[in-house]
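To start, the structure itself, in structure tokens.
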Amino acid sequence: MDNRLGEMLVFLEVARTGALAAAAKSLRLTPSAVSRAMSRLETRLGVQLLSRTTRSLALTPEGEAYRARVSGLVEELDDVERSFGKEAQAARGPLRINASVPFGVHVLLPLLPRFMECHPGITPHVDLTDSVVDLVDQRADVAFRVGPLRDSRLLARKIGQSGMAVVASPDYLARYGHPSRPEDLERHLCLRFSFRRTVDAWPFLIDGVGSQKAVEGAFFGNSGEVVRLMAVAGGGVARLGRFHVADDLANGRLVEILEAFNPGDREDIHAVYVKHERLASRIRAFLDFFSESFTGDGFVGGARKSSNGHGGLIRR
1 MDNRLGEMLV FLEVARTGAL AAAAKSLRLT PSAVSRAMSR LETRLGVQLL
51 SRTTRSLALT PEGEAYRARV SGLVEELDDV ERSFGKEAQA ARGPLRINAS
101 VPFGVHVLLP LLPRFMECHP GITPHVDLTD SVVDLVDQRA DVAFRVGPLR
151 DSRLLARKIG QSGMAVVASP DYLARYGHPS RPEDLERHLC LRFSFRRTVD
201 AWPFLIDGVG SQKAVEGAFF GNSGEVVRLM AVAGGGVARL GRFHVADDLA
251 NGRLVEILEA FNPGDREDIH AVYVKHERLA SRIRAFLDFF SESFTGDGFV
301 GGARKSSNGH GGLIRR
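My numbering puts the first residue of the sequence shown at 1, with every later residue one more than the last.
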């Protein structure tokens with residue numbers, strides 16, 4: 001019997017886990033069986049796919065190329081098999097979704113129950129992290145990215161935009177005062193991010209001219225959700241996406257400040273996925289559902305457009 005498919009699956013799991021032992025545990029095989037499968041595969045192909053040392057294992061350039069090709073083949077095979085049977089037209093199977101913590105908590109998770117009702121054959125596996133993950137390495141099907149896209153290898157579907165807002169809690173403003181102009185922030189505690197890609201300056205529109213205002217503060221958070229919770233607790237002033245703070249603003253936990261100086265900048269929100277010759281039905285169903293969930297009035301997961309025109313999430 002041709003065992004090429006089995007060796008491909010073993011190889012993909014070794015590539016995902018980065019270790020023979022971890023792949024063996026995941027596949028419920030012995031480490032020696034995994035090692036033999038890799039040796040047979042490399043012998044048949046006539047190339048080295050894995051670079052092994054006593055402490056680490058990595059893919060060779062040929063291994064990277066092979067993984068890219070066979071990932072698509074296995075994905076298509078899964079989709080073919082799911083297209084037959086009692087529910088031939090139903091999208092089925094596991095769906096691995098990655099998103100930042102703020103987007104996951106405030107947008108993705110509130111919508112997932114309705115998606116699961118519409119597609120009972122799909123099993124979502126959600127991973128929330130503020131780190132930008134490699135979809136191929138993590139074997140993720142779809143990831144949501146807020147802001148500029150950097151990975152040109154991925155396909156992307158734009159699902160909306162989010163405005164930004166400078167916010168603080170009523171308790172904080174009662175204690176420290178309500179800033180009336182951007183320069184007043186010099187006397188306030190500004191909550192900042194510890195991401196390397198961020199800068200300690202916020203954009204404002206002052207006298208019709210866009211400018212960057214440097215902010216200071218003793219607190220740094222490695223997640224937008226950490227910063228939001230700190231703001232709600234009265235720890236300082238934050239600048240966050242409207243989708244992130246919509247419920248807090250509606251319920252009075254946070255108050256928007258310096259609205260007259262809001263430059264109206266927006267961040268694009270995309271769903272990104274790896275290119276395949278044939279997109280799996282479960283991925284297509286998820287992308288279609290999310291695109292349709294961002295309605296023209298800007299409502300999604302509790303986020304609505306504000307009356308000042310700076311807006312929440314908007315479908316385009």
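Heads up, the beta-carbon is just placed ideally off N, CA and C, and yes, glycines get one too.
Proximity to residue 6 [Cα-Cα], best of 17, 21, 29: Closest by C-alpha distance to residue 6, out of 17, 21, 29, is 29.
Simplified DSSP state of residue 47, which is helix, strand or coil: Residue 47: coil per DSSP, three-state reduction.
Distance, residue 72 Cα to residue 236 Cα: Cα to Cα, residue 236 sits roughly 48 Å from residue 72.
Rounded separation between residue 96 and residue 193 - CA only: The C-alpha of residue 193 is placed about 27 Å away from the C-alpha of residue 96.
Sufficient close CB pairs (3 or more, under 8 Å) joining the stretch 119-130 to the stretch 234-250: Judged by Cβ distances under 8 Å, the stretch 119-130 makes no contact with the stretch 234-250, as fewer than three pairs qualify.
Contact set for residue 51: own chain, Cβ-Cβ below 6 Å, skip 5 residues either direction: Here the set comprises 58, 60.
Paired residues, beta bridge with residue 239 - DSSP: Its beta-bridge partners are 166.
Expected contact under 8 Å - CB spacing of residue 155 and residue 272 to nearest Å: Indeed they touch by this definition, with Cβ atoms about 7 Å apart.
Identity of the residue in 185, 224, 234, 228 nearest residue 216 by Cα: Ranking the options by Cα distance to residue 216, first place goes to 185.
Whether residue 153 touches residue 12 by CB criterion (9 Å): The answer is no: Cβ separation not under 9 Å.
For residue 288, the three-state DSSP class (helix, strand or coil): Helix, per DSSP.
Endpoints, alpha helix (DSSP H) assigned at residue 60: Premise fails: residue 60 is in no alpha helix (DSSP H) and is neither H nor E.
Assigned secondary structure, residue 266 (DSSP; H/G/I helix, E/B strand, else coil): In the structure shown, residue 266 sits in a strand (DSSP, three-state: E or B).
Beta-carbon gap between residue 286 and residue 182 smaller than 9 Å: Contact flag unset, no.
Reduced DSSP category for residue 245 - H, G, I as helix; E, B as strand; rest coil: Helix at residue 245.
Start-to-end residues for the alpha helix (DSSP H) that takes in residue 226: Residue 226 -> alpha helix (DSSP H) spans 224-232.
Residue of 35, 163, 205 minimising C-alpha distance to residue 20: Ranked by Cα distance from residue 20, the options 35, 163, 205 are led by 35.
9 Å Cβ cutoff, residue 250 in contact with chain C: The chain labelled as chain C is not found in the depicted structure, where only one protein chain is given.
Rounded straight-line distance, which links the Cα of residue 256 to that of residue 232: So the two alpha carbons sit approximately 12 Å from each other.
6 Å Cβ shell around residue 16 - same chain, five flanking residues per side excluded: Sequence-distant Cβ neighbours of residue 16 in its own chain, meaning closer than 6 Å and more than five residues away, are 139.
6 Å CB neighbourhood of residue 141 in its chain, flanking five on each side removed: When the five nearest sequence neighbours on each side are left out, the beta carbons in the same chain lying within less than 6 Å of the beta carbon of residue 141 are those of 95, 96, 283, in order along the chain.
Inter-residue Cα distance where the pair is residue 132 and residue 200: C-alpha separation (whole angstroms): 20 Å.
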